[in-house]
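Residue numbers (the working numbering), protein chains in the order written: chain A, 1 to 344; chain B, 1001 to 1313; chain C, 2001 to 2514; chain D, 3001 to 3307. A quick write-up on the structure given underneath.
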Amino acid sequence: MKKSNGLLKIARAVLPYLLAVVAAFAAAGVFIALMGFDVFKAYGTILFTSFRTPNGFVQTLLKFVPLVLQALAFTIPLTAGKFNIGGEGQLLVGATAATVAGIVFAQLPPILLVPLVLLAGVLGGALWGLIPGWLLYRFGINEILTTVLLNFVSFNLVNYVCTGPLRDPAAGHPTTIAIGQNGWLPMLINNPPLHSGILLAILVVAVVYYAITRTVSGYELVATGANPRAAGVFGINTRWMFIASLVIAGGVGGLSGALEVAGVQHRLIEGMQHNFLVLGLIIGLIAKGNNLAVPFVAFFISVLEVGASAMQRTLMIPVEMVFIVEALILVFVLLSDLVQKRVS
Amino acid sequence: MNEFWLTIISYAKLILLTIVPFVLAGQGTMLGGRTGIFNVAQEGIMLVGASVGFLVSFLTGSNALGMLAAMLAGGLFGLALAYFTTHLRMDQFVIGLALFFIGVGLSTLLPKIIIGVTLTPPLIPTLKDIPIPGLSQIPVIGEIFFKQNVLVYFSILLSIGLWWYLYRTQAGMELRAVGENPQAADSLGVNVPRARYWTAILGGMLMGLAGAYLPMVYTGTFTENMVKGRGWLAIALTFFGGWKPDTILYGALFFALIEVLAYRVQVLGTAIPYQFLLMLPYLATILVMMFSFRKARVPAFLGQNYDREKRAL
Amino acid sequence: MNAPILLHMRGVSKAFGSTQALQDVSFELRQREIHGLLGGNGAGKTTLMNILFGLYRADAGEIFLNDQPIHISGPKDAITHRINMVHQHFLQVGSFTVLENILIGAPRKNRWNNRYDAEIQKIRTLQERFGLEVPLDALIEDLPMGMRQKVEILKALYRGVQVLILDEPTTNLTPQEVDALFQSLRVMVQEGLSVVFITHKLREVMSVCDRITVLRNGRNILTLDRKEASEEAFVRAMVGESMDMSRSVIFAHAGQDLPAPAPVPLLRLEGITTAPDEGSVALKNVSFEVREGEIFGIAGVAGNGQRELAEVVMGLLPVQAGQILLRHQALPHPDSRRGLKGDFAYIPEDRLHDGFLPRATVAHNLILGLHRRPPYSNGRVIDWKTVHARALDLIAQYNIKASGPEDMGGNLSGGNIQRVMVARAFSAAAPVLVAHNPTRGLDIPSMDLVYQRLLERKRQGQATLLISEDLDELMLMSDRIGVLYKGELLGIVERPAFEKYTIGQMMSGIRPQA
Amino acid sequence: TQPAKTYKLAAIFPGVINDSDYNTLGYMGAEAVKKDLGIEMAYSETVAVPDIDRVMREYIDQGYNIIWTHGGQYVNQTIELAKQFPDVVFIAEGDAKPAEMPANVWFIDRNFHIGFYGVGALAARITQTGKIGYIGGLTLPFSYAEVHAMQQAIKDSGKNVELKAVWAGDFNDPTKARQVADTMIAEGYDVLVGSLNNGMLGVFEAAKATTDKKILVTAKYTDKTSIAPDNYVTSLLYDFVKPMKDIVGKIQAGEKGGYYPLGFDTGVSLQTPFKNVDPAVEEEMKAVINDLVSGKIQVVKDTSEIK
Ligand SMILES: Nc1ncnc2c1ncn2[C@@H]1O[C@H](COP(=O)(O)OP(=O)(O)OP(=O)(O)O)[C@@H](O)[C@H]1O
Ligand SMILES: Nc1ncnc2c1ncn2[C@@H]1O[C@H](COP(=O)(O)OP(=O)(O)OP(=O)(O)O)[C@@H](O)[C@H]1O
Ligand SMILES: [Mg+2]
Ligand SMILES: [Mg+2]
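In structure tokens:
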């Protein structure tokens, strides 16, 4: 009895998502067909590339790591009612800090250097989250603006570091030299390469979920998001909650950067943030800020992303198509909310 | 005329050239905000405007049509925002972000589909300066203000017009009332949804035009992601412009000044690494907000949705 | 005098989600009459008139004006039929001037300028005719409530009205101001207007209205001529048979035989003075004490420092001078954590903004402020099992209409939200309770429940600071009543020396001559 | 000795193949290999830095055994992957021979600086105001090398002209490039040497928009006459057809790796005849170019920072 109820609950939660996904694919399918492509082949590629080959799957997991972290960097402050649009800035500054640490202390043994590199990344990102937090706390400046603007600052910062003393002369592109081998994340699989960062990412997901749903601070974060004024009247230091959530989010964003450095690139490269921010936002919004849903949505989006480039390669369908599918999914998920409201 | 004046003139012209996208997008944001609609999709809408504006004028060979198309595209985004927020009452930021994503995607998708692979860059003729007969003869002033392209004139006249409308007419007063307290306006027979729709749509159109400005004046072509954060800067500008047409214009001038000076410093040579000069517009924006943000009088209902039968929770 | 029927609403029904706000209600209004619309909270009074004014759309029902069926799809239509409404919560733009507020939406020949000379003339004449003096170029947000109400009436008159609806117009007025208002109402009726007068205060109705209609739970119970009816009849009609009067505090007039408080001061304010800043009244040298087992009432017209007083006691608002003592211990100040520490419980005035989490569950709401202490948590981790159990318990005790502890706050009704506030405050079992309008938005039975709980506290020797705009409530429950005027404590009266008009005088700033 | 195995080429481009610029050149190179050598070819556009490793592996999964990454941002990961797949051949691009070079990697060194000596020599001869502006994207080693090469050329020309290098911060932001160019024009620079990709379009627009004086512009990679006929002078033409055919040919012949420097002998050339330049200068330049090609002029590759 009870169990079936639980299942029913889950079904209720998942169904709208499925419908939204179907609707989005249908809508985009019309478009793709009009462009004169084979819709089914396209979707086949998009959905199954991740599962055809071991490499495909590993690559999906590798995408999943930064995406899930970027999504959390968005949803954690969202719990307190704040919008962090600065994930990529936090990723880049985190990556920068991690790289510098990894190069400067290249000689340290792995047991020290790996944690050091990751820690540096977390701190760098946290700093980049602290600035908007402080500007909000001290001057009440809208965090949406400051987080976005700091992204653009971070781009130039990366360019500076990549063309400065740490630059890699061989690459005709803003890139630093590699960090010390000892700073590279241990591999779970060597070929195709799966670095241990994924375990860390999953751990972070679990911790964030536990902290927000079970702890007192988590409760206060939720209360702050639900109504800051009331939370404040009843003793919760909401402005502190805002700062803390942005700093933690920054740390998570920074970690995503550090993992890219220590696990994949082994160096700072201009453009390494790619479109992680926007995908992170989409994931967070599709998950409606629910930290439990985030990892699942993130995995799904990773599948789409990996499938997308395969589709572009094999069918020559522009990748943007998939981006639009993702945006459509978001819109339809939002609409499904309304439908539910109307029905109940 | 001596060297000095020539330099002054050319920089003044550059500044006016630079304010346009900020003014257009800023006024568009302000307009929607005046009825409580907070559009955060500027970046996406401007990209679509740039993309569509370029494509249409490339295909038809007419910049006018291009700008029109850009405004239509932007208007559609404004309409969508108004519909989802005013009609379906969905969260403005979420919808805004969704529209931003769609805009980014479409802007690069469209040229790929429509133009495809060409081995010479698709180019459109950029807007020519239109000297105002008579006025343009005035020394210095004439050179600076009356030898500009049509959009420079338009953005300045637009700012003045909006100011007059909002603060010197009853219609404008009622519009502001909607953004301050829609229920009060509604209870006095003002059509709140209509106000929200048209301001959101017109706002979107202005953003679309702001985007089209880049290929039409600066580059003659569309390139991926060419708005490069100007949309977000426009929002910031609107805040420290205090959501007023006149101050937004001044704010834009300040922006442009920073940008132009940042480049000048680099050209004149300096020890500061250029990356830091390129950060200046963003840092200056934040700096200005530190002192202006609290004071900025934001429309009281900004970002909220009005439902006649729903009491504010 | 049976004047012809001007307006007739027939068979009006309206539902909001699950609540049936109105069920087949009919209502008729004669020419030149003041018609009282009486009923408890949530009875449907506002809804009915909002429908007449076009703010809400009726699910069923029709409206006749001079026997002509009319269709009202929005306030615009109502205004064109010269029907106008003064709302319970004034609908005004604070940052606009009085003039602008009056002219919003007013038809003009040329809407493309702002030269309002003609309009100003018209308003001036109206002001003289009905004695509604207000500075036209003042900003609304700078005006006291009484003034703002005049603006609201001016808005109606300016558009030319034959039916004027006033929704609980006396909430924010002193008894004196009330009399003045009633005066101008009579003038209006002589001038040929008809007035609908919404309230749940019986005495007011009896004093001005020609006829009275009573609503209860969205049905109209009866309509009577004032002359041919007794107070009891209306009370019955309002309350219904449902309620058991014998245990009732309200009808047992329990006030008289309350256990006298012990002479031991528990909470003490000494010379509290706060900084004046825009939008709030500064407290000026406020001193008083609340004793064990005492209910200390604070009377005053809304916006005379009540909110500030409550916030100072809760440690939210910093003070310029003075101190607060609990059991003779001076408390650190300001200290927003005061509630968290367990000595203070708080029912805020503005439940929606200051007390409630619409986007969190009922359970979340019920532990707000208690969430750091046992039994709900050990200070680090929340024990949701216990929370859930307690929540179920409270929902039952205070008959909060919700689908369960996991129900979203936003789905609750105002009254039920208030019940949550009350349940939370009482379950804290704190020695000191600051209760600001604790029964606002509650129907009479629930009101009674609150009063019973207050008396329980009293018996347990806890102290209560009861701040209320409802003088009847204060006189019923309090041992002593202090009157706030412009942030000053003008005086303290002791039961049984309560007398409505002397307190009313203090509320309007006249000091009692010692 | 064993029968020549069949090769499949996968080309990976950082941008869109229709940029009529660096990516288009790459695309034409890949096409040529396909047509002239009859080798199966597939390509991916706008591959972002984080995706490069994945895309290369996907191609290898599909049996492609020549992987060409057409951009400096890929060089490190290409070499990393080469170590893992010894029997796949990789073609990487950069501006200096990498420290380690697995046996199965062909490295294309783009040597931009050599051509820029010619550009510098030309610019020095055509400026009226004596102020030459170099507009780069980012301060990369090759950009510095280009500027130093121009300085060397200006010195050799014995002309007293000033060379100023500025950076748009992005090779592909025409708007920024336009604003930089506008500023330089305002400061009296009349010859603008562009070392940009999409950004170039902004420089041309700035020149076109200047009516009161004549602004001359040189570009890079492809013929850009059509963009600004009245301001365009020349372009440092690059070509990947010959290099790619050479390399793939060698691969087929069993040469799995090597170093392939680009130069005048591999299709790099200063586009002639120059536009908007008087014949006298054209003549002088012929000599310079001959000395360059013949190697009589040795261009120093100096990647030190520009003060
Ligand atoms: N906008 C609304 N949304 C949802 N429910 C509403 C709304 N307005 C009124 N209701 C419900 O309709 C019923 C009647 O409410 P109404 O405001 O008319 O009561 P009232 O008699 O005016 O009470 P009060 O004395 O508190 O003003 C109540 O249950 C109320 O909750
Ligand atoms: N802001 C709102 N938006 C939508 N529905 C609301 C809103 N407020 C209340 N409701 C719905 O209207 C119903 C009654 O709300 P309201 O607060 O007016 O009840 P009430 O009559 O004041 O409560 P009570 O009768 O217990 O005093 C509730 O069931 C609630 O679901
Ligand atoms: Mg109610
Ligand atoms: Mg009411």
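A virtual CB, placed ideally from N, CA and C, is assigned to each residue, including glycine.
Whole-angstrom C-beta distance between residue j and residue i, which should lie under 8 Å
| i | j | result |
| --- | --- | --- |
| N2101 of chain C | K2150 of chain C | Going by Cβ atoms, the distance from N2101 of chain C to K2150 of chain C rounds to 11 Å, so no, they are not a contact pair. |
| G2218 of chain C | G2054 of chain C | Rounded, the Cβ-Cβ distance is 19 Å, inconsistent with contact. |
| R2216 of chain C | G2040 of chain C | 7 Å |
| G121 of chain A | A95 of chain A | 7 Å |
| D3173 of chain D | K1228 of chain B | 6 Å |
| P169 of chain A | T3303 of chain D | 6 Å |
| L3236 of chain D | G3115 of chain D | 4 Å |
Same chain only: Cβ atoms within 7 Å of residue i, ignoring 5 sequence neighbours per side
| i | result |
| --- | --- |
| I283 of chain A | L67, A71, V294, V297, A298 and I301 |
| I2051 of chain C | V2012, K2014 and A2058 |
| A3032 of chain D | V3241, M3244 and K3245 |
| F2426 of chain C | R2453 |
When the options are compared against residue i, the one with the closest alpha-carbon
| i | options | result |
| --- | --- | --- |
| I3132 of chain D | D:L3140, D:L3138, D:P3141 and D:V3147 | D:V3147 |
| T2080 of chain C | B:V1190, B:I1272, B:L1268 and B:F1222 | B:V1190 |
| I286 of chain A | A:E326, A:A262 and A:V247 | A:E326 |
| N191 of chain A | D:E3058, D:L3025 and D:M3184 | D:E3058 |
| I329 of chain A | A:P186, A:A13 and A:V22 | A:V22 |
| Q1027 of chain B | B:L1233, B:E1180 and B:L1097 | B:L1233 |
| A231 of chain A | C:L2316, C:S2184 and C:A2497 | C:L2316 |
| I3297 of chain D | D:Q3084, D:H3113 and D:Y3022 | D:H3113 |
| R3178 of chain D | B:E1259, B:I1272 and B:A1070 | B:E1259 |
Other residues of its chain near residue i: CB distance less than 8 Å, five sequence neighbours each side excluded
| i | result |
| --- | --- |
| T3001 of chain D | In this prediction, T3001 of chain D scores a pLDDT of 48, lower than 50, which makes its location untrustworthy; the coordinate-derived value is nonetheless stated afterwards. Hits under 8 Å: none found. |
| Q2397 of chain C | A2423 |
| L19 of chain A | F332 and S336 |
| F1093 of chain B | F1038, V1040 and G1303 |
Neighbourhood of residue i by C-beta, 6 Å cutoff - its chain only, sequence neighbours within 5 removed
| i | result |
| --- | --- |
| A3153 of chain D | Y3117, G3120 and A3121 |
| I2367 of chain C | Y2376 and V2387 |
| G2255 of chain C | With a pLDDT of 49 at G2255 of chain C, under the threshold of 50, the predicted position of this residue should be treated as unreliable, though the coordinate-derived value follows. So the qualifying residues of the chain are L2476. |
| I3066 of chain D | Y3007, L3009 and V3089 |
| N55 of chain A | P192 |
Please determine if the region 30-45 of chain A and the region 1003-1014 of chain B are in contact, where contact requires at least 3 C-beta pairs separated by less than 8 Å.
-> no
At least three beta-carbon pairs within less than 8 Å, the region 1274-1290 of chain B to the region 3201-3215 of chain D | No: fewer than three Cβ pairs fall under 8 Å.
The region 226-241 of chain A touching the region 315-324 of chain A, judged by at least three CB pairs closer than 8 Å = no
Touch test, the region 2315-2327 of chain C against the region 2264-2272 of chain C, Cβ-Cβ under 8 Å, three pairs minimum | yes
Looking at C-beta atoms only, is the number of pairs between the region 2426-2434 of chain C and the region 2344-2357 of chain C that lie closer than 8 Å three or more?
-> Yes: the two stretches touch, three or more of their Cβ pairs being nearer than 8 Å.
Using 8 Å as the threshold, is the region 1204-1221 of chain B in touch with the region 3198-3207 of chain D, meaning 3 or more CB pairs across them?
-> yes
Touch test, the region 3095-3103 of chain D against the region 3036-3048 of chain D, Cβ-Cβ under 8 Å, three pairs minimum | no
Count the C-beta pairs between the region 1006-1019 of chain B and the region 1042-1062 of chain B that are closer than 8 Å, then say yes if the count reaches three, no if not.
-> In short, these stretches do not touch, since the Cβ pair count stays below three.
Report yes or no: do three or more beta-carbon pairs, one from the region 1274-1287 of chain B and one from the region 135-151 of chain A, lie closer than 8 Å?
-> Yes, the region 1274-1287 of chain B is in contact with the region 135-151 of chain A.
Taking three-plus beta-carbon pairs below 8 Å as touching, is the region 107-114 of chain A in contact with the region 166-185 of chain A?
-> yes
Touch check for the region 1008-1022 of chain B and the region 1055-1062 of chain B: three-plus C-beta pairs under 8 Å?
-> no
Pair every Cβ in the region 2190-2197 of chain C with every Cβ in the region 2162-2171 of chain C, then say whether three or more of these pairs are closer than 8 Å.
-> At 8 Å Cβ cutoff, the stretches touch.
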